[in-house]
Structures are given as C-alpha cells and as structure tokens.
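Right, one structure below, let's go through it.
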Amino acid sequence: EAQVTQNPRYLITVTGKKLTVTCSQNMNHEYMSWYRQDPGLGLRQIYYSMNVEVTDKGDVPEGYKVSRKEKRNFPLILESPSPNQTSLYFCASSRADESSYNSPLHFGNGTRLTVT
Amino acid sequence: KNQVEQSPQSLIILEGKNCTLQCNYTVSPFSNLRWYKQDTGRGPVSLTIMTFSENTKSNGRYTATLDADTKQSSLHITASQLSDSASYICVVSLYNTDKLIFGTGTRLQVFP
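Those protein sequence lines, which keep their order, are chains C and H.
Heads up: the first sequence runs through residues 50 to 165, numbered per the working numbering.
Heads up: the second sequence runs through residues 924 to 1035, numbered per the working numbering.
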C-alpha cells in the first residue's frame, strides 16, 4: 500500500531535549516536505526536499533541521524544542518531475508534539 | 500578498443535504488549485486538482469549480453523508515553483 509513515504519532517532551520525528514514503517520490498545523492557521511549510541531499527552508524553518540521506526518508529534528513548537506535524511527499506540478501531495497521519 | 481565504469557517448540515464551500485566492502567478479533505486525526487527502484551463472537476459526490478570472473556487458536496464530516482545505500552487499556499479550511459537520 502506497503510504507516508510518520513516527511517533504522539510525543510529549520537555524544553531543550532533542528529538527526531521520522518520515518514510514507499512511492519513490522525489519531493518530501514537513508542515506544522496550528489552530486558526493553515498548514505552514517548515522544510522541503526536492531529492536526496537537497533541502530548502520553507516558511517557518527556525528551530528545525532536516536531512535527506535516502530518497525514502526525511526526518525532522528539533535540536532544542521549546513550548512554541507544540503543534501537529505532517510529512508529505509527491512526484517532482517535469509533469508533476499537478501531482497531489500524499500526507502522513501526523505527529502531535507537546513541549512542556 | 499571496493568500487563500475560505468560507465559511464552519458549517453544520443534515445528512442527505447538499452544501458548497468557498475559496478565494490572491495568488499570482497561478498554477493550479487543489482541494483536500482532512478527517480528524488524519493527514489531508487530495480530492481534486484543477489547472488554469479547467473550470470544473468531479470526484464522486465532490465537484470543484474554478473561475480563474475572479480567482474563486467552490467545492460542492452532493447528498452529504456522515463520513463527509471533516475539514476541507483549499490550496493554491504558484506557477513553476514548489510553493503551495494553504487556506485555513472549512470544518464541515454532517448530522443524522
């Protein structure tokens, strides 16, 4: 089954304790991206990657890191989490070839992070 | 400023009724407009994608329309079902970029 898998689904942590949220897709997609979703705000892009070893900042990258060492994986790293990073996080992937501007994003089921 | 605005913010309807959700955008240059359905606790799922030249597209009981001149789109749901209860998100893609502009969504609740 084609899917984007995020882990964990729920995470509670304390300020300053480094954490990683994993994301993996099995569709051989070039494009992967991380978003956060907060009440009253639309999905906001944190980082994205067009292919292996290629990453770029989105709209709200501060406090986050990513890496793309393999095509299928795109982990999100919070080196020193703070309470304002409490949010619902989504990973997504899609094709990224010349004909793919109309390709839909495939989303994972989210990671709800609470930083106390 | 590139923006996507959706209305209403929330909507309650009875099962079996039709409804229409609205999306207005000021995104330029425009590439395509997407509607996603997001069930509570799940990731968004694509319903339709429309390019500049398309003014209507259907996916089962969901029909999206696009007026590129007025920069408006609507999502019409026919004969609603309880499973249609979800948030519906309008997303506009910037031409020749990877940039997507997300609306804040309309929360639809369908009651029996």
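From the three backbone atoms N, C-alpha and C, an ideal C-beta is built for every residue, glycine too.
- Where R93 of chain C is concerned, the enclosing beta strand (DSSP E) starts and stops at R93 to N100.
- Minimum Cα-Cα distance from Y80 of chain C among the listed residues C:V164, C:S98 and C:Q86 corresponds to C:S98.
- For D990 of chain H, the number of other beta carbons within 10 angstroms of its own is below 16, and it is reported as exposed.
- Taking every protein chain shown into account, the CB of F156 of chain C has 16 or more other CB atoms within 10 angstroms, so this residue is buried.
- The C-beta separation of R1030 of chain H from S1010 of chain H comes to about 5 angstroms, placing the pair in contact by the 8 angstroms criterion.
- Sorting C:R117, C:K120, C:I126 and C:E102 by C-alpha distance to the C-alpha of E111 of chain C places C:I126 at the top.
- Counted as a single uninterrupted DSSP element, the stretch harbouring A1002 of chain H is not any beta strand (DSSP E), since DSSP gives it neither H nor E.
- Chain H places no beta carbon closer than 8 angstroms to that of F123 of chain C, leaving this residue out of the contacts.
- Here D992 of chain H carries a coil assignment [DSSP, helix/strand/coil].
- The straight-line gap separating the alpha-carbon atoms of Q945 of chain H and Q932 of chain H is approximately 10 angstroms.
- Across the region 961–977 of chain H, CB contacts with chain C closer than 8 angstroms involve G964, R965, G966, P967, V968, S969, I972 and T974, in sequence order along the chain.
- Under the 8 angstroms criterion on CB atoms, T1029 of chain H is classed as non-interfacial with respect to chain C.
- In this structure V968 of chain H is not in contact with V950 of chain H, their Cβ atoms being roughly 22 angstroms apart against a cut-off of 8 angstroms.
- Nearest in C-alpha terms to V164 of chain C, of all of C:R58, C:T64 and C:Q86, is C:T64.
- By the rule that beta-carbons nearer than 8 angstroms mark a contact, R984 of chain H does not touch chain C.
- Residue-level contact check: D1021 of chain H touches chain C, since one or more beta carbons of chain C fall below 8 angstroms from its beta carbon.
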